[in-house]
Structures are given as C-alpha cells and as structure tokens.
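Numbering (my numbering), first residue to last: 438 to 746.
Backbone N, C-alpha and C fix where the C-beta goes; we use that ideal spot for every residue, glycine too.
Owing to the predicted nature of the structure, the values given are computational and were not obtained by experimental measurement.
Following: one structure in structure tokens, then a few remarks.
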Ligand code: CP
Ligand code: NVA
C-alpha cells in the first residue's frame, strides 16, 4: 500500500489487515498506550473544508504513536489557487513523511498522490471518504463479530460516504441496501465498480422506499442531506429528503439489535432524530472514536512499512 486514496484500491486481504491492526492498536491503547512505532515521523494535515473528527483523530493518532502532525487550513495553502497541487505535493514531500488531505475535487487527491514522494491519505473528497469507511467497518465488526452476509441499509443522499461504504461492504461480503430519492442515487459507474468488488455473499440493492430498505437489517447508516460544498442546494434538499429521516418508526422495522450509524456531523432533526441518535441502537460516538483507531492502522502501514505487528 503506497497511498490510502480509496477503498477501491485495497484488496480484501489489505482491508482485513488494516482492521485487525486497528483492533490491536485500539486494545493496546486502552490497556495503557501504544508503542512509539512512528517516532520521528511527521504528517501534514491539509484541509480545504472544515473538520472536527478527521483533524483531531489524525493528529492524536500520530501523537499516540510517537509522531507529530500539524494542521494547514484552507486560507494558508490555497492549493490549486496560490500554488498548484503538484507543487504543494513536491514541497511538502521535502518536509514531512506523509500528507493527509481533505479536498473538494477528488482530482486534487489524485494529483497530490501523483506528485508527492511520500504517502498521501484521503481525508475526504467530493468523491469518497475511505478513512471513514474503514472506521465504520471496524465499528460493525466490533458490534456484530463478522461481516459475511450481514445486512446494512444506507438511507439518504448517495454521496462520498455512501460510495466508500458500498465499496467496503462489497469487499467484505456484506449485503447492502441503498435507499435514496430519485436523482440522489449513486451513479452507474459507482454501481458497476461496486459490483466488480463483490466477494462471498456480497450483494447490493437499490430502493426508493426507505421502509422497505431497512426491513430486517443489522445496520442502518445515514449522513447529512447536504454535504460540504453543496450548501446552495440546501433548500431543495430539505424538500426532497424528509421521508428518508432515520426515526423510531424506521428503526423499528430493522432487527431489534440493529446498530444505527452516522459519520457525523449530524443535522439532528433532519436526517436523524435525537431519539434515535441518543437511543439504545445508536453507536454514533464509538463510531466517531474509531476514526482514530482505524487511522492509526493506516498510518502505521504507510509510514512504518517495515513494522511487523
Ligand atoms: N466524519 C467526519 O469526517 O467528520 P469531520 O468532518 O468532523 O472530520
Ligand atoms: N457527506 C459529508 C460527510 C462529512 C463527514 C460531507 O461531505 O460533507
């Protein structure tokens, strides 16, 4: 693994390895702390969009492993404006051991990876959010014990988070239902690619009716109706999406032990009610915590490739 840009790039074995390592590093951390596997290593955190989880979880992940990370905000670097993506990649490669970037245009992630001589980690683009999907899979594994044949329903906007989740689900043998309004589904290219990743019992099905999509599932997942960068569409989306809200009525259609997930930040009262977000099926905050544990595995595999653990 040279970079971490998309779940699509990982073999099922690499995905399983990252999850196993994340699980070990999490247990080690809970038992008193991690070994300084990344001693002396540095990571630039380059953001074109806001963040709470991604920024803090990568930064603390580096600190726990003995490394160092620093934040570069949108007004500082102005990648693609003040300086080309290629030049930012070349310059940072002379200073740091890795680059984590959150961008609008996925081509900026690809450009960084093409021109950097150090590993690049995708911390969300308009196309995908693979670090989130890895943490989500860790969370599902912890709560359900396996992936094979497990049923997950994603209800809401077919977006960057959905795409990474679908790719991961197909590579791990899960069954995925996706319920989105017409015009807000993932596109044909995504579905064809996802189809090519299917292993074991993996399968996916598209729904317009959210109630049909969640029947007897083990996992319900949602995300905001308006993603970062789509703010001018907010009013239209608020008209379209209300039938796709995760509320008590919807959750009661799923298996009684289903877990409810959301990558956060949540717009409570829109895509998810307080009752569900704070209710007995919710794993929202353990899921958020798992960003840090999952990303430690990514960091170790990329920045300490000789680490044998
Ligand atoms: N889930 C997630 O990526 O959160 P932030 O936008 O706060 O980083
Ligand atoms: N789909 C959301 C995810 C935020 C973590 C967005 O891109 O804004």
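- For residue 705, the distance from the CB to the nearest heavy atom of the ligand CP is not below 8 angstroms.
- In the DSSP assignment, residue 493 falls within the alpha helix (DSSP H) that extends over 490 to 501.
- Collapsing the DSSP output to three states places residue 537 in a strand.
- With contacts defined as CB atoms closer than 9 angstroms, residue 614 and residue 661 fail to qualify as a contacting pair.
- The Cβ-Cβ distance between residue 441 and residue 739 falls below 9 angstroms.
- The beta carbons of residue 665 and residue 487 sit closer together than 9 angstroms.
- Around the beta-carbon of residue 605, 16 or more other beta-carbon atoms lie within 10 Å, marking it buried.
- By DSSP's assignment, residue 642 forms a beta bridge with 614.
- The straight-line gap separating the alpha-carbon atoms of residue 683 and residue 520 is approximately 42 angstroms.
- For residue 686, the closest alpha carbon among the candidates 710, 443, 560 is that of 710.
- It is roughly 8 angstroms from the alpha-carbon of residue 571 to the alpha-carbon of residue 452.
- Rounded to the nearest whole angstrom, the CA to CA distance from residue 495 to residue 506 is 8 angstroms.
- By the Cβ test, the stretch 711 to 722 is not in contact with the stretch 592 to 612, since fewer than three Cβ pairs between them sit closer than 8 angstroms.
- Taking 9 angstroms as the cut-off, the Cβ atoms of residue 692 and residue 653 count as close.
- In the DSSP assignment, the residues bridged to residue 659 are 699.
- When C-alpha distances from residue 561 are compared across 583, 523, 492, the shortest belongs to 492.
- According to DSSP, residue 520 shares a beta bridge with 516.
- Counting the other Cβ atoms within 10 Å of the Cβ of residue 725 gives 16 or more, which makes it buried.
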